[in-house]
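Undergrad: In our numbering, the protein residues as written are 249 to 458. In this text, a Cβ means the ideal position worked out from N, Cα and C, and glycines have one as well. These figures come from a predicted structure and were not determined experimentally. Pasting in a structure now, in structure tokens, and then I'll have a few things to ask.
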Amino acid sequence: MLLFTAVLTLAGCSFVPPAANRDADIIVVGDSILAWHRGSGRSIPSIVEQSTNLEVSNVAISGATFLGAQGIPTQFVSDDWDWVIVDGGANDLLTLCQTPDVQRVLNTIISEDGTSGAFPVFVNQVADQGAQVIVLGYYPISDQGGPFIQCRSEFNELAARQSRMAALNPSVIFVDSGQVIGSGDAAAYASDIVHPSPRGAALVGQLIAS
């Protein structure tokens with residue numbers, strides 16, 4: 249899955265996201281899973297655009313957390329979007345996995361039943377503006393390990409909560425990228441064992457588009 253400190257520092261300098269294109273059909277907000285390969289046109293949102301013929305504005309930022317004054321919700325620009333794609337939460341948890349504080353932060357992001365927390369507040373506000381919202385769940389941590397190996401159970405719990413949240417709102421769809429990227433599929437991961445390879449991004453983008 250996502251970025252860890254060393255990877256995050258490097259990734260955070262990779263691209264400055266463009267201003268939102270208000271003429272687009274879809275806006276994408278989130279972290280480096282959605283920003284990765286943006287410069288080459290092989291990011292997950294790029295694949296969605298190519299697969300649907302809908303124009304996509306990708307303003308996701310590598311290293312972004314969901315919580316905080318510059319959290320992922322601040323990337324969103326209100327407009328007449330048809331669809332909004334969002335991920336997030338991994339960078340909030342990355343230093344806390346397997347510590348006593350992790351449940352507190354996880355609950356702040358999203359409650360166990362999916363009804364409260366920063367994620368449901370954002371998603372429901374966006375849906376109330378008339379957009380369909382796709383919440384992208386992270387694919388599993390690679391069997392090869394990587395910097396997020398200690399977060400496996402926390403990320404599984406995050407995905408379960410996101411799925412419950414989506415089930416409560418007909419305008420929200422949870423897409424589990426683990427449906428197309430398995431932990432043993434080494435070719436779907438980039439060399440950092442965190443981000444998607446071009447093949448992995450294509451698999452997830454096609455899943456969203458379907």
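1. Using the DSSP secondary-structure output, state which residues sit across from Ser210 in a beta bridge.
2. Going by C-alpha to C-alpha distance, which of Gly362, Gln351 and Asp279 sits closest to Asp335?
3. Less than 8 Å between the CB atoms is what I'm expecting for Gly430 and Pro368, so what's the real figure, rounded?
4. Quick check on DSSP: helix, strand or coil for Leu384?
5. Thr363: buried (16+ other C-beta within 10 angstroms of its C-beta) or exposed?
6. Which residues does DSSP list as the beta-bridge partners of Pro207?
7. Between Ser305 and Val276, which are expected to be in contact by the criterion C-beta below 8 Å, what is the C-beta distance as a whole number of angstroms?
8. What is the rounded straight-line gap between the Cα of Ser299 and the Cα of Cys345?
9. How close, in whole Å, do the beta carbons of Pro444 and Ile292 come, if the pair is a contact with beta carbons under 8 Å?
10. Bridge partners for Val428 per DSSP, in chain order?
11. Evaluate contact between the region 372-380 and the region 407-420, counting only Cβ atoms and requiring at least three cross-stretch pairs below 8 Å.
12. Any idea if Thr313 is buried or exposed, counting beta-carbon neighbours within 10 angstroms, 16 or more meaning buried?
13. Taking 8 Å as the cut-off, decide whether the C-beta atoms of Gln410 and Ile358 are in contact.
TA: Let me lay it out:
1. Here the chain covers residues 249 to 458 and nothing more, so residue 210 does not appear.
2. Translated into the one-based positions of the sequence shown, residue 335 becomes position 87. Comparing Cα positions, the closest option is Asp279.
3. As a working note, residue 430 is residue 182 in the sequence shown. As a working note, residue 368 is residue 120 in the sequence shown. No, Gly430 and Pro368 are not in contact; Cβ-Cβ is about 28 Å, not under 8 Å.
4. Here residue 384 refers to the residue found at position 136 when the sequence shown is read from its first residue. If DSSP states are grouped into helix, strand and coil, Leu384 belongs with the strands.
5. On the sequence shown, residue 363 is found 115 positions in, with the first residue counted as 1. Exposed is the call here.
6. Outside the displayed range of the chain (249 to 458) lies residue 207, so it cannot be described from this structure.
7. Indexing the sequence shown from 1 puts residue 305 at position 57. Indexing the sequence shown from 1 puts residue 276 at position 28. Going by Cβ atoms, the distance from Ser305 to Val276 rounds to 7 Å, so yes, they are a contact pair.
8. Against the sequence shown, residue 299 aligns to sequence position 51. Against the sequence shown, residue 345 aligns to sequence position 97. Computed Cα separation, rounded: 36 Å.
9. For this step, residue 444 is matched to residue 196 along the sequence shown. For this step, residue 292 is matched to residue 44 along the sequence shown. Contact flag correct, Cβ pair sits at about 7 Å.
10. Taking the sequence shown and counting its residues from 1, one reaches residue 428 at position 180. None; Val428 has no bridge partner.
11. yes
12. Walking along the sequence shown from the start, residue 313 turns up at place 65. Flag for Thr313 reads buried.
13. Mapped onto the sequence shown, residue 410 falls at position 162. Mapped onto the sequence shown, residue 358 falls at position 110. Result yes, Cβ atoms of Gln410 and Ile358 sit closer than 8 Å.
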